[in-house]
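Line order of the protein sequences matches chains G and F.
At position 128 of the first sequence the residue is numbered 128 (the working numbering), and the sequence of numbers has no breaks.
At position 124 of the second sequence the residue is numbered 264 (the working numbering), and the sequence of numbers has no breaks.
Written out below as structure tokens is the structure these notes cover.
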Amino acid sequence: MTVYNIYIFNREGTCLYYYEWNRRTDCNMPKYEEFKLLHGMLFSIKSFVTRLSPIDGKNSFISYRTNKYKLHFYETPTGLKFVMNTDLAVENIQDTLHDIYNKIYVEYIVKNPLCKLNEPIQSSLFRTKLDEHVKSLPFY
Amino acid sequence: MSRQNSARADGKKVSSELFTLTYGALVAQLVKDFESDEAVNKKLDEMGYNIGVRLIEDLIAKGNVGRCHDLRETADIIAKLGFKMFLGVTPVVTKWSTAADEFSLILENNPLAEFVELPSGHENLNYSNILCGVLRGALEMVQMEVEISFVQDALRGDDTTELRVKFIKRLEDAIPAGEE
């Protein structure tokens, strides 16, 4: 199993962090365009899912899959969005994404007063810890 | 809920006295730095706000709480989870307005003001005003605009310490350019 890449967006849709472990294709556009495109799509899927849901559909978007890969989505009540692409064999990883939020983002960004909250993450400590954490996942 | 309990069990605890005294030193310094009690109140609120916007992430991550659907639920989480987790006390939620958009938090004992006596000449100082800022900042991050004020303060001779929370409006999500 494989983890391809991760995106972290804030409430305004700024991409705070992007990292790729195992991406095999390039999408032929500047990164910032890609972030905008992805965030727009997530926003649309969310409202689409909520509107079309025959039952209470809040927070019901957690992933989608194509025949090649699977995108996992986790949103905190503060509007942070964690997005991870993996291969198809990976099951529900909401807990994993929550762990990344709880153990990595909160510990190394929120609790570091030198890290501004709404700007792309520069902290190398964060980068290292996230990398270690993801590499230790059973489905990496 | 199991995660919530384990998070609290291994959460690092520091002596509340250290915290109380540090806060006291902060207020004493501000009183020295600023001319009026109002300016000190404002500064404390500002500092609290900056703390609140960060603290909310910690609360949500450790407490594993979801989005609240109404103000009653919010009040419950503030009192039973937020205050409990960070200050070790549970204020009483009471005095709901008929429209259910206002409530009061009653603190029987205020951990910030444990060893404090207000000197005369500071009748307008809200000693624990940082709490207002913290709540305001934290709730703003979950898209709620609120107004918070001290209506009673045990330090000023009232029976209890009472924080009044007033819900103003829900802040809307930013919509990405080109979406409706």
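Cβ coordinates follow ideal geometry from the N, Cα and C atoms, glycine included.
Predicted model, so just to flag it, every value in this text is computed and none were measured.
Item                                                                                                                                                                                    : Value
Between P120 (chain G) and C15 (chain G), is the Cβ-Cβ spacing less than 8 Å?                                                                                                           : yes
Quick check on the burial criterion: 16 or more other C-beta atoms within 10 angstroms. Buried or exposed for K111 (chain G)?                                                           : exposed
If A253 (chain F) sits next to S268 (chain F), beta carbons under 8 Å apart, how far is it from one beta carbon to the other, in whole angstroms?                                       : 6 Å
Taking contact to mean 3 or more Cβ pairs, one atom from each stretch, closer than 8 Å, check whether the segment 255-266 of chain F and the segment 195-207 of chain F are in contact. : no
Can you give the beta carbon distance from I270 (chain F) to G188 (chain F), rounded, assuming they're within the 8 Å contact cut?                                                      : 4 Å
Jot down the residue ranges of each uninterrupted beta strand (DSSP E) in the segment 21-107 of chain G, minimum 3 residues, whole runs only, in chain order.                           : 63-65, 70-75 and 81-86
For L117 (chain G), would you say it is in contact with chain F, using Cβ-to-Cβ distances shorter than 8 Å as the test?                                                                 : yes
In terms of DSSP beta bridges, what is Q292 (chain F) paired with?                                                                                                                      : F:E302
By the criterion of Cβ-Cβ separation under 7 Å, what are the contact partners of E186 (chain F) in chain G?                                                                             : In chain order: nothing, as chain G lies at least about 15 Å away.
In its own chain, which residues sit with a C-beta less than 7 Å from the C-beta of V90 (chain G), not counting the 5 before and 5 after it?                                            : M1, K70 and F139
Evaluate contact between the segment 173-186 of chain F and the segment 79-87 of chain G, counting only Cβ atoms and requiring at least three cross-stretch pairs below 8 Å.            : no
In chain F, what lies closer than 7 Å to V106 (chain G) by C-beta?                                                                                                                      : E197, D198 and A201
The beta strand (DSSP E) with S244 (chain F) in it runs from where to where?                                                                                                            : E242 to L247
With contact counted as at least three CB pairs below 8 Å, one residue from each stretch, are the segment 97-115 of chain G and the segment 200-207 of chain F in contact?              : yes
Please classify F307 (chain F): does DSSP put it in a helix, a strand, or coil?                                                                                                         : strand
What is the rounded straight-line gap between the Cα of N92 (chain G) and the Cα of L279 (chain F)?                                                                                     : 30 Å
Shorter than 8 Å from the beta carbon of V134 (chain G) to some beta carbon of chain F?                                                                                                 : no
How big is the Cα-Cα spacing for E132 (chain G) and H98 (chain G)?                                                                                                                      : 16 Å
Please report whether the beta-carbon of R194 (chain F) lies at a distance below 8 Å from any beta-carbon of chain G.                                                                   : yes
Take G297 (chain F) as the anchor and find which of F:G228, F:V305, F:L311 and F:N264 has the nearest alpha-carbon.                                                                     : F:N264
Compute the beta-carbon to beta-carbon distance between E242 (chain F) and K309 (chain F), rounded to the nearest angstrom, for a pair I have assumed lies under 8 Å.                   : 13 Å between Cβ atoms; not a contact.
If you follow the beta strand (DSSP E) that T234 (chain F) is part of, which residue opens it and which one closes it?                                                                  : V232 to T234
So which residues of chain F does V110 (chain G) contact, with C-beta pairs closer than 7 Å?                                                                                            : R194, E197 and D198
Give the DSSP bridge partners of M327 (chain F), in chain order.                                                                                                                        : Nothing in the structure corresponds to residue 327 (chain F), since chain F is present only between 141 and 320.
Between K220 (chain F) and T230 (chain F), how many whole angstroms is the CB-CB distance? I'm expecting something under 8 Å.                                                           : 6 Å
Looking at N10 (chain G) and E20 (chain G), is the spacing between their C-beta atoms short of 8 Å?                                                                                     : no
Given a threshold of 16 other Cβ atoms within 10 Å of its Cβ, counted over all protein chains shown, does Y32 (chain G) qualify as buried or as exposed?                                : exposed
Per the DSSP calculation, V256 (chain F) is bridged to which residue(s)?                                                                                                                : BP columns for V256 (chain F) are empty, so no partner.
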